[in-house]
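Asker: Note that the protein sequences, when read in sequence, are chains B and R. With my numbering, letter number 54 in the first sequence gets 54, and the count goes up by one each step, no holes. With my numbering, letter number 224 in the second sequence gets 224, and the count goes up by one each step, no holes. Ideal placement from N, C-alpha and C gives every residue a C-beta, glycine not left out.
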Amino acid sequence: MNRTVKKVPFVELLNGRIQGVVSSGSDIQRVYVSFIEAGTGNYSCCTNNNRPCGGLRGSACKHIQSMIDEAVLQFGADTVTKYLGVELGEDVKRPAAEILGKLHGSEQKESPGIVFSRFLNYLRYCELDAKPGAVLEMDWFVS
Amino acid sequence: MIRQLDDCLLHGFARLGSQHRDSLAALAATLGGSPLEQPVAEAVSAIGRSEFLTRHFVSLAAARAAVQGAQHDALIAQLGEVFGVSTAEVEDPPAHSVGGSAALLSSAEQWLMEIALAGFNQLDEDAVSPFVATLEHLQANSELTGVAALLTGFVNELLMYMPAERHPQLPIYRWADLWTAAMVRTQQLPGELPYQEVSGTLTPFGLSVNSHANFVSANLYGLLDTGETKQTVRVPLASYKVDVVAGPEVWDLFGDVGEPILKALAGNKTLTFEHGELAANGNLLLKTKPKVSRKSDPFAAAEFLTALPSASPLFRHPVHIDHVVHLDGAAELPLAVERLAVDTEFDEKEIKQAPEMIALMRFDQGGWRVQPLCVRTDQGIIISGGGIADARKTLKSKTLAILRERSSKLLRA
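1. Confirm, please, whether the CB-CB distance from R:Val375 to R:Gly276 is below 8 Å.
2. Looking at the strands, I want to know which residues DSSP matches up with R:Asn210.
3. What is the rounded straight-line gap between the Cα of B:Leu88 and the Cα of B:Ile99?
4. Let's see if you can read the secondary structure: which residues bound the alpha helix (DSSP H) around B:Arg51?
5. Please name the residue or residues paired with R:Asp322 in a DSSP beta bridge.
6. B:Ile18 to R:Pro334, Cα distance in whole Å?
7. Step through the CB atoms of chain B and report whether any lies within less than 8 Å of the CB of R:Asp390.
8. Under a CB-based cut-off of 8 Å, is R:Phe490 close to chain B?
9. For chain R, find out if any of its Cβ atoms is closer than 8 Å to the Cβ of B:Thr40; answer yes or no.
10. Go ahead and label R:Lys409 buried or exposed: buried means 16 or more other beta carbons lie within 10 angstroms of its beta carbon, across all protein chains shown.
11. Put R:Asp92 into one of helix, strand or coil per three-state DSSP.
12. For a contact defined as C-beta to C-beta under 8 Å, what are the partners of R:Ala279 on chain B?
13. Helix, strand or coil: how does DSSP classify R:Gln379 here?
14. Using DSSP bridges, identify the partner residues of R:Lys291.
15. Taking the beta carbon of B:Met67 as the centre, do at least 16 other beta carbons fall within 10 Å, making it buried, or is it exposed?
16. Closest to R:Gly416 by C-alpha separation, out of R:Leu220, R:Thr272, R:Leu265 and R:Ala354, would be which residue?
17. Taking R:Phe315 as the query, report the chain B residues whose CB atoms sit under 8 Å from its CB, ordered along the chain.
18. Give me the DSSP bridge partner(s) of R:Thr232.
19. Answer yes or no: does any C-beta atom of chain R fall closer than 8 Å to that of B:Tyr43?
20. Along the chain, where does the beta strand (DSSP E) containing R:Tyr173 start, and where does it finish?
21. Closer than 7 Å by C-beta to B:Val11: which residues in its own chain qualify, once you throw out the five before and the five after it? Chain order, please.
22. Taking DSSP as the reference, what is the three-state secondary structure of R:Asn201?
23. Any idea what DSSP makes of R:Gly119, helix, strand or coil?
24. Out of R:Ser211, R:Leu207 and R:His96, point me to the one whose CA is closest to B:Asp139's CA.
25. Which same chain residues end up closer than 6 Å to B:Thr81 when comparing Cβ atoms and leaving out the 5 residues on each side of it in sequence?
26. Is the stretch 33-42 of chain R in contact with the stretch 53-62 of chain R, if contact means three or more CB pairs nearer than 8 Å?
27. Which residues bound the beta strand (DSSP E) around B:Val31?
28. Can you find a C-beta in chain B that's less than 8 Å from the C-beta of R:Lys393?
29. In chain B, what lies closer than 7 Å to R:Asn283 by C-beta?
30. So which residues of chain R does B:Asp129 contact, with C-beta pairs closer than 7 Å?
31. Is R:Thr288 buried or exposed, if buried means 16 or more other CB atoms sit within 10 Å of its CB?
32. Identify every residue that forms a DSSP beta bridge with R:Pro372.
33. Terminal residues of the continuous alpha helix (DSSP H) containing R:Ser408?
34. Compare the C-beta of B:Arg3 with all C-beta atoms of chain R and state if any pair is closer than 8 Å.
35. Would you report the Cα separation of R:Leu400 and R:Gln4, rounded to the nearest angstrom?
36. Could you tell me whether the Cβ of R:Leu403 comes closer than 8 Å to any Cβ of chain B?
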């Protein structure tokens, strides 16, 4: 199954967190910036102008859940669970829900600017020039 | 010998036990009489005294690369015997001075030494992620595309395995390969290979696409006919990318040249072009948009196959062997299915029953493998990449456009 970039434009594993940008389900104009931390399970979700997500009621919201689902699609369940330090059983149907069930963190307040600039930095890849004729060694990378 | 060195990389050079030191000493002994004898002996004794300087690790990487270069040469000789062709040797072009990139390349060298000191088994994110800032500068300099694309793939892969202790089975041989290649590449800027300007007709044999999250390279293999000579060539296309742009969508990244190539593959047609640059390593750089021309007969063209020149010494490694061959009937060797696209045009059963095929000889997982490019079947000729043009017609929306639109919503605070 492929990623849905409309729903979750950006997700990455960095600095002990799964973090990303998630589209609002109701307002096409709005995006959320979310993260969940490995180990502690602490999480955050807010709009880009730093208004807290209304879905956070003492636990992770559906944006964080979508972000984890997309991380699983992008990086694989094994990578994501090991990164978060969570163990799941065999044949998991809904990985995000199960992962969240094992992590018991609390809400953190943090500026969404960090994840946002990571997203812009990620888009930088689309502007980079590869030198025509450069000897490449991409044979290493079968995909 | 490679396994012993890899064991040290896994364990960490800063914490070697006596058995590791003994195996390093044995390594130095095996290089007796070679040009690497002295630098490697020096490296081994310095590391034994816990003197960790980058040049010592460069010497060890050079030794490992030299062994694999020799393996590469032996495998090429084996192909020559079996298929009765001789492979032209390519000299390394004179390297460019590292010039303004010296500080960046030595930062990369420094980081490679640090992860070797820590050992792959002990790596955590803090050992890897600080290097990302340096990597971004390497990527921004297009003169460094080769080493930057390699390091980007390596760093991405390491980050996916962090912390390493949670992964019982690390791909140690692969990581040691990537570490070695990167370390050797930090020493100089590759020079330009000599090339000649050519115009002519290209009969496509098929595509081979390799990618990691942030870079894609597609090679079109084919027979070049200049009117005077016929020879096997590779047409390389490459671009940086984001992870979510994959499959048929990567062809948005290749500019003007991509579309006619896909059309030719889909319709089994030849391509004509002018003012291409044919480099000494067999890479044909198309400088202008090629034209889709006549119906093509790849199997007739395969009568004129020549061996692609071997990689220049700096790049010799078994993984880079991509020798084009014409096989009568199914190969006895394993199929390199891992190198076929997810939505490959080929059906494994069809390949096994094929009366003939054009394929790449690959050496992976300790043995020869066959990567099909073009297969004759009951339904006609199936060519790798022939389905991409159609697949692109069904793409609903442009991933990059969506990403840009979404990022604009973030900017609108």
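Answerer: Walking through what the data contain:
1. No, the Cβ-Cβ distance between R:Gly276 and R:Val375 is not below 8 Å.
2. DSSP output for R:Asn210 lists R:Ser217 as bridge partner(s).
3. 7 Å
4. That residue, B:Arg51, is in no alpha helix (DSSP H); it is neither H nor E in DSSP.
5. According to DSSP, R:Asp322 bridges with nothing at all.
6. Across the structure, B:Ile18 and R:Pro334 are spaced so that their CA atoms are roughly 39 Å apart.
7. no
8. Absent from the model: residue 490 of chain R. The displayed extent of chain R is 1 to 413, so no value can be given.
9. Interface residue (Cβ-Cβ distance to chain R less than 8 Å): B:Thr40 is not classified as such.
10. buried
11. coil
12. Gly133
13. Residue state, collapsed to three classes: coil.
14. As computed with DSSP, R:Lys291 is found in a beta bridge with R:Thr272.
15. Buried is the call here.
16. Residue 416 of chain R is absent from the model: chain R starts at 1 and stops at 413.
17. Val135 and Glu137
18. Looking at the DSSP assignment, R:Thr232 forms a beta bridge with R:Leu223.
19. no
20. Per DSSP, R:Tyr173 belongs to no beta strand (DSSP E); it is in the alpha helix (DSSP H), Ile172 to Arg185.
21. Ile18, Gly20, Met67, Glu70, Ala71 and Gln74
22. Note on residue identity: the sequence assigns Thr, not Asn, to residue 201 of chain R. Note: R:Thr201 maps to strand in three-state DSSP.
23. coil
24. R:Ser211
25. Leu88
26. yes
27. Val31 to Glu37
28. no
29. Around R:Asn283, the beta-carbon contacts reaching into chain B at under 7 Å are Gly133.
30. Ser142
31. exposed
32. R:Ala359
33. Thr399 to Leu411
34. yes
35. 45 Å
36. yes
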